[in-house]
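One structure is given below, encoded as structure tokens.
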């Protein structure tokens with residue numbers, strides 16, 4: 002990230018009123034107070050209104066709030082005018098809602114991705130980083146399938162850039178600790194009722210802090226050659242350890258797995274291993290037919306190919322959160338008043 006300088010640059014974040022968008026906004030203003038323009042693009046006027054109270058334009062003159070939907074190509078084109086970098090976080094993200102409303106999920110997650118790509122190419126954007134999810138890896142639900150499709154679209158977009166100086170890349174990671182709709186704030190709320198609903202006792206998930214997610218997006222902006230899917234090396238947690246960390250005295254009631262859920266989440270399959278490289282802090286799944294030479298990429302980045310058959314999922318991980326570490330992280334990243 003050392004070679005990333007957003008001074009005098011214009012950045013647009015789709016879905017910018019979400020947890021990641023707000024964290025990105027805070028980090029960008031802290032690290033690059035000389036940013037030229039930061040556009041928050043989303044369709045939720047209430048969230049934009051609330052965020053504008055946190056970032057008033059008299060104190061943050063570069064910020065702009067732009068109402069729009071990624072389904073609307075013409076609106077995206079207008080928003081992308083004179084933008085250097087696009088961070089695409091907008092998506093429908095709830096598994097069970099996507100299962101019940103599949104056409105709406107496809108329109109946003111697939112059609113929206115197509116629109117972002119076309120608008121970026123049309124308007125001369127220099128760099129696009131799209132947010133993915135572990136559910137896009139070997140998907141079993143519609144949400145994951147739409148995000149896998151989105152990933153493929155962004156990777157392939159590098160093939161149609163022509164002479165344009167633009168790069169498209171993807172970042173893929175697991176559950177963000179404390180993000181809207183995630184299990185930890187849900188359990189904290191349920192603790193007051195004395196019952197924590199457990200889907201399956203053996204369930205595991207990857208865990209990443211919001212700031213680590215921000216840093217990964219900025220890493221991709223700085224280091225992507227075009228077409229990589231970046232995957233972080235992060236710990237996993239067991240759902241029962243989360244329950245023990247938050248509500249040891251609560252009833253842990255097993256309710257069964259919900260439609261479209263996995264017991265363990267995956268981020269790299271064994272089929273991906275032939276194109277996966279270890280970058281140190283991250284893995285990178287490179288395109289099967291990159292627009293650059295793979296041997297030059299390896300030489301200049303120091304990338305090391307993973308072993309054939311390598312797979313990375315939350316159940317076979319070698320790094321785990323404990324009940325104690327989860328409590329410390331909850332206090333640090335989610336609820337300062339949480340009793341450790």
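Residue numbers (this note's numbering): 2 to 341. Backbone N, C-alpha and C fix where the C-beta goes; we use that ideal spot for every residue, glycine too.
Anticipated Cβ contact below 8 Å, residue i with residue j, distance rounded
i, j, result
"residue 143", "residue 238", "In fact, because the Cβ distance is near 25 Å, the residues do not count as touching under 8 Å."
"residue 85", "residue 129", "With a Cβ gap of about 10 Å, residue 85 and residue 129 do not count as contacting."
"residue 283", "residue 233", "5 Å"
"residue 272", "residue 205", "So it is not a contact: roughly 21 Å between Cβ atoms."
"residue 177", "residue 214", "6 Å"
Whether residue i touches residue j by CB criterion (8 Å)
i, j, result
"residue 182", "residue 211", "no"
"residue 156", "residue 228", "yes"
"residue 267", "residue 80", "no"
"residue 113", "residue 72", "yes"
"residue 148", "residue 133", "yes"
"residue 251", "residue 335", "no"
"residue 14", "residue 88", "yes"
"residue 121", "residue 110", "no"
"residue 258", "residue 199", "no"
"residue 262", "residue 96", "yes"
"residue 123", "residue 78", "yes"
"residue 230", "residue 135", "no"
"residue 59", "residue 18", "no"
"residue 37", "residue 11", "yes"
"residue 269", "residue 286", "yes"
Three-way DSSP call (helix, strand, coil) for residue i in this model
i, result
"residue 186", "helix"
"residue 267", "strand"
"residue 2", "Any reading at residue 2 must be qualified, since the residue scores a pLDDT of 44, below 50, and its modelled position is unreliable; no value is offered."
"residue 73", "coil"
"residue 144", "helix"
"residue 25", "helix"
"residue 317", "coil"
"residue 259", "coil"
"residue 127", "coil"
"residue 154", "helix"
Same chain only: Cβ atoms within 8 Å of residue i, ignoring 5 sequence neighbours per side
i, result
"residue 279", "304, 305, 306, 307"
"residue 192", "247, 248, 251"
7 Å Cβ shell around residue i - same chain, five flanking residues per side excluded
i, result
"residue 243", "184, 185, 188, 327"
"residue 53", "66"
"residue 100", "142, 143, 260, 261"
"residue 20", "177, 180, 181, 211"
Cutoff 6 Å; reference residue i; Cβ partners in own chain excluding five residues on either side
i, result
"residue 8", "33, 35"
"residue 56", "64"
"residue 255", "199"
"residue 311", "274"
- Message: Three or more C-beta pairs under 8 Å: does that hold for the stretch 164 to 178 against the stretch 216 to 227?
- Response: Enough Cβ pairs lie closer than 8 Å, so yes.
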